[in-house]
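Visitor: Numbering (the numbering used here), first residue to last: 154 to 363. No residue lacks a Cβ here, since even glycine has one placed at the ideal position from N, Cα and C. First the structure, then my questions, so here it is.
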């Protein structure tokens with residue numbers, strides 16, 4: 154598996170470079186600007202765009218990265234004109250922000266989607282879940298359906314048919330363990346719990362490499 158990682162990563166970078174060039178191209182095929190400011194969230198999206206910036210530099214394009222630690226801030230900055238583009242979010246999240254906040258921004262190309270993971274300090278297997286255990290669910294309209302789908306695939310819950318891509322905790326039709334969910338705003342890493350919650354809590358979050 155490891156030998157395939159580097160070619161895939163390079164391929165992704167080249168796709169992003171091409172997409173960025175296409176977005177700013179004129180009829181002559183050259184960029185209308187030599188510099189771009191792109192907003193990213195800290196972690197994988199930042200690391201990917203750092204490599205994109207290095208390759209773009211060779212073609213005469215300078216990319217300045219602005220790193221955010223809050224999922225809402227990049228779109229606010231983009232809509233306010235402080236950024237030329239952002240690269241960090243899924244399409245459902247973008248659409249929800251545009252609808253709820255009236256942003257005049259749109260998607261122009263696809264970016265990487267990070268896998269999700271289930272974490273716990275105490276529980277080693279989901280079969281060990283006890284009734285009433287707490288599971289942290291992201292509260293944004295993009296990550297919440299993904300986290301619930303992950304729980305459904307592992308047999309913890311069942312969702313209402315057809316809601317896997319857009320559902321919420323209200324669409325849970327079977328919860329045999331009767332777990333209680335805690336909604337939290339997704340960041341680049343799982344939340345830090347108080348001692349009273351650390352014993353039997355499982356946060357579901359995007360995977361972030363060291």
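1. Considering only residues of the same chain and omitting the five flanking positions on each side of residue 240, which have a CB-CB separation below 7 Å?
2. What residue does the alpha helix (DSSP H) around residue 296 start on, and which one ends it?
3. Please report the Cβ distance between residue 290 and residue 303, rounded to the nearest whole angstrom; I am assuming they are in contact, meaning their Cβ atoms lie under 8 Å.
4. Strictly by DSSP, which residues pair up with residue 199?
5. Over what stretch of residues does the alpha helix (DSSP H) that includes residue 245 continue unbroken?
6. Short of 6 Å in beta carbon distance, which residues of its chain neighbour residue 322, apart from the five on each side in sequence? Order them along the chain.
7. Alpha carbon to alpha carbon, how far is residue 204 from residue 181? Give it in angstroms, no decimals.
8. Hey, could you find the ends of the alpha helix (DSSP H) residue 289 is sitting in?
9. Give me the DSSP bridge partner(s) of residue 221.
10. From the DSSP secondary-structure annotation, give me the bridge partner or partners of residue 367.
11. Would you call residue 320 buried or exposed, if buried means 16 or more other Cβ atoms sit within 10 Å of its Cβ?
12. Would you kindly report the start and end of the unbroken alpha helix (DSSP H) that includes residue 231?
13. Compare the C-alpha of residue 188 against each of 212, 200, 253 and name the closest.
14. Per the DSSP calculation, residue 238 is bridged to which residue(s)?
15. Give the straight-line distance between the Cα atoms of residue 299 and residue 219, rounded to the nearest whole angstrom.
16. Consult DSSP for residue 205 and reduce its assignment to one of helix, strand or coil.
17. Measuring CA to CA, which of 238, 254, 224 is closest to residue 337?
18. Considering only C-alpha positions, which residue in the set 234, 280, 216, 222 is nearest to residue 307?
19. Note the first and the last residue of the continuous beta strand (DSSP E) segment covering residue 282.
20. One question on the structure: do residue 232 and residue 244 come within less than 8 Å of each other, judged by their Cβ atoms?
21. Around the Cβ of residue 227, are there at least 16 other Cβ atoms within 10 angstroms (buried) or fewer (exposed)?
Guide: In short:
1. Stepping through the chain shown from its first residue, residue 240 is reached at position 87. Same-chain partners within the cutoff: 191, 193, 198, 202, 264.
2. Within the chain shown, numbered from 1, the residue matching residue 296 stands at position 143. Looking at the DSSP string, the run of the alpha helix (DSSP H) that includes residue 296 is 296-306.
3. By one-based count along the chain shown, residue 290 stands at place 137. By one-based count along the chain shown, residue 303 stands at place 150. That pair is no contact at about 10 Å.
4. Here the question's residue 199 lines up with position 46 in the chain shown. None; residue 199 has no bridge partner.
5. For the purposes of this step, residue 245 is identified with residue 92 of the chain shown, where counting begins at 1. Taken as a continuous stretch (DSSP letters only), the alpha helix (DSSP H) holding residue 245 covers 244-254.
6. Taking the first residue of the chain shown as 1, we reach residue 322 at position 169. 334, listed in sequence order.
7. Position 28 of the chain shown, counted from the first residue, corresponds to residue 181. Position 51 of the chain shown, counted from the first residue, corresponds to residue 204. Legend: pLDDT at residue 181 = 43, less than 50; position of this residue unreliable, value from coordinates given subsequently. Answer to the nearest angstrom: the Cα atoms are 26 Å apart.
8. Sequence index remark: in the chain shown, residue 289 carries index 136 (1-based). First-last for residue 289: 287-291, but that is the beta strand (DSSP E), not the alpha helix (DSSP H).
9. Translated into positions along the chain shown, residue 221 becomes position 68. Residue 221 pairs with 194.
10. Because the chain spans 154 through 363 in this model, residue 367 falls outside it and cannot be assessed.
11. Position 167 of the chain shown, counted from the start, is the residue given in the question as residue 320. Under this definition residue 320 is a buried residue.
12. Numbered from 1 along the chain shown, position 78 holds the residue referred to as residue 231. Taken as a continuous stretch (DSSP letters only), the alpha helix (DSSP H) holding residue 231 covers 226-232.
13. Here residue 188 corresponds to residue number 35 of the chain shown, with the count starting at 1. Among 212, 200, 253, the Cα nearest to that of residue 188 belongs to 212.
14. Within the chain shown, the letter at position 85 stands for residue 238. BP columns for residue 238 point to 191.
15. Within the chain shown, residue 299 is the residue found at index 146, counting from 1. Within the chain shown, residue 219 is the residue found at index 66, counting from 1. Rounded to whole angstroms, residue 299 to residue 219 spans 27 Å at the Cα level.
16. Taking the first residue of the chain shown as 1, we reach residue 205 at position 52. Looking at residue 205 - three-state DSSP - the assignment turns out to be helix.
17. Your numbering for residue 337 matches position 184 in the chain shown. Of 238, 254, 224, the residue nearest in Cα terms is 224.
18. Start at 1 with the first residue of the chain shown, and residue 307 comes out as number 154. Considering only alpha carbons, the answer is 280.
19. If you number the chain shown from 1, residue 282 lands on position 129. Careful: residue 282 lies outside any beta strand (DSSP E) and carries neither H nor E.
20. The residue you call residue 232 lines up with position 79 of the chain shown. The residue you call residue 244 lines up with position 91 of the chain shown. Not closer than 8 Å, so no.
21. In the chain shown, residue 227 corresponds to position 74, counting from 1. Per the 10 Å Cβ criterion, buried.
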